[in-house]
Amino acid sequence: MRFAVIADIHGNSDALEAVLSDIDALGISTVVNLGDHLSGPLDARRTIELLMERTYPSIRGNHDRWLIEQDPSEMGASDRAAYEQLAKHHLDWLKALPSSLTLFDEVLLCHGTPASDVSYWLERVEADGRVRSATIDEIEAEASGIDAKLLLCGHTHLPRYVRLRDGRLVLNPGSVGCPGYDDDTPVYHQMQTGSPNASYAIAEKPGGNWLVTFRSVPYDNRRMVEMAKQKGRNEWADALATGWIGS
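Residue numbers (UniProt numbering): 1 to 247.
(1) Run through DSSP, which three-state label would residue 37 get?
(2) From the DSSP output, read off the bridge partner residues of residue 181.
(3) Mind checking whether residue 122 and residue 210 have CB atoms under 8 Å apart?
(4) In whole angstroms, what separates the C-alpha of residue 236 from that of residue 158?
(5) Check whether the region 96-110 touches the region 71-82, counting contact only when three or more Cβ pairs, one atom from each stretch, lie closer than 8 Å.
(6) Let me know the secondary structure DSSP gives residue 118 once reduced to three states.
(7) Mind pulling the beta strand (DSSP E) runs of 3 or more residues that sit fully within the region 45-130?
(8) Between residue 62 and residue 111, which are expected to be in contact by the criterion C-beta below 8 Å, what is the C-beta distance as a whole number of angstroms?
(9) Which of the three DSSP states is assigned to residue 198 in this structure?
(10) Specify the secondary structure class of residue 20 as computed by DSSP and reduced to three states.
(11) Check this for me: beta carbons of residue 31 and residue 109, under 8 Å apart or not?
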């Protein structure tokens with residue numbers, strides 16, 4: 001069993017195309033998608049059309065949910081920028097996606113944690129905005145009662161995996177299209193990878209244990225950077241160009 005894991009494309013169609021080309025070059029035919037496909041000041045329409053052409057097992061992220069649940073007047077700037085590019089059939093595709101999914105009898109797909117699409121699984125944000133790695137107790141608490149052996153999540157955009165004490169793995173493949181962002185919830189904080197590359201992961205089970213490989217794919221990001229600048233989103237432009245916020 002061998003498949004690619006993608007997440008958090010955020011409308012970056014150029015990064016998505018680079019990742020798909022890399023996956024094809026490796027001869028991988030199965031891809032699973034952990035959500036947050038479109039939100040951002042980039043190319044949401046091209047992104048969703050690329051995804052709709054394929055039949056990847058996919059779930060909704062929190063921004064995908066907000067695109068179909070919120071009135072446009074209530075949306076944040078990134079969601080509104082994506083929403084304005086979408087037609088009804090695009091929104092219908094998002095509405096049909098589940099919030100979580102179990103595949104291959106032992107692989108769970110969720111966006112944030114199994115219980116919440118807005119919670120971080122492998123990281124925590126302190127009251128002063130400092131981001132730290134979650135403790136093993138905190139991580140295992142979110143996995144309680146889940147039989148899956150490989151637990152896939154996204155949301156933080158940081159590529160990482162953790163082995164639980166019972167042998168299960170929690171894997172975040174990183175973000176295809178948004179290598180850094182800031183957020184006000186629960187307090188202001190920044191998540192940044194320090195690389196402009198598109199990230200994804202490969203999971204395979206050649207024997208009895210899961211083997212994980214992270215891929216960091218360079219691509220020509222100039223069109224996406226310019227799109228962000230034209231929308232007045234300089235923090236997006238910085239993150240896309242460098243992997244840092246306010247660099």
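Ideal Cβ placement from N, Cα and C applies to all residues, glycine included.
A quick look at the data gives this:
(1) Mapped onto the sequence shown, residue 37 falls at position 37. Here residue 37 sits in coil by DSSP.
(2) Here residue 181 is taken as the residue at index 181 of the sequence shown, counted from 1. BP columns for residue 181 point to 191.
(3) Sequence index remark: in the sequence shown, residue 122 carries index 122 (1-based). Sequence index remark: in the sequence shown, residue 210 carries index 210 (1-based). 8 Å or more divides the Cβ of residue 122 from the Cβ of residue 210.
(4) Position 236 of the sequence shown, counted from the first residue, corresponds to residue 236. Position 158 of the sequence shown, counted from the first residue, corresponds to residue 158. Straight through space, the alpha carbons of residue 158 and residue 236 are spaced by roughly 16 Å.
(5) no
(6) Along the sequence shown, read from residue 1 onward, the residue named residue 118 stands at position 118. If DSSP states are grouped into helix, strand and coil, residue 118 belongs with coil.
(7) 101-103, 107-109 and 123-125
(8) Counting from one through the sequence shown, the residue named residue 62 turns up at place 62. Counting from one through the sequence shown, the residue named residue 111 turns up at place 111. The Cβ separation is near 6 Å, so the contact holds.
(9) Taking the sequence shown and counting its residues from 1, one reaches residue 198 at position 198. In the structure shown, residue 198 sits in a strand (DSSP, three-state: E or B).
(10) By one-based count along the sequence shown, residue 20 stands at place 20. Assignment of residue 20 by DSSP, reduced to helix, strand and coil, places it in the helix class.
(11) In the sequence shown, residue 31 corresponds to position 31, counting from 1. In the sequence shown, residue 109 corresponds to position 109, counting from 1. Going by C-beta atoms, residue 31 is not nearer than 8 Å to residue 109.
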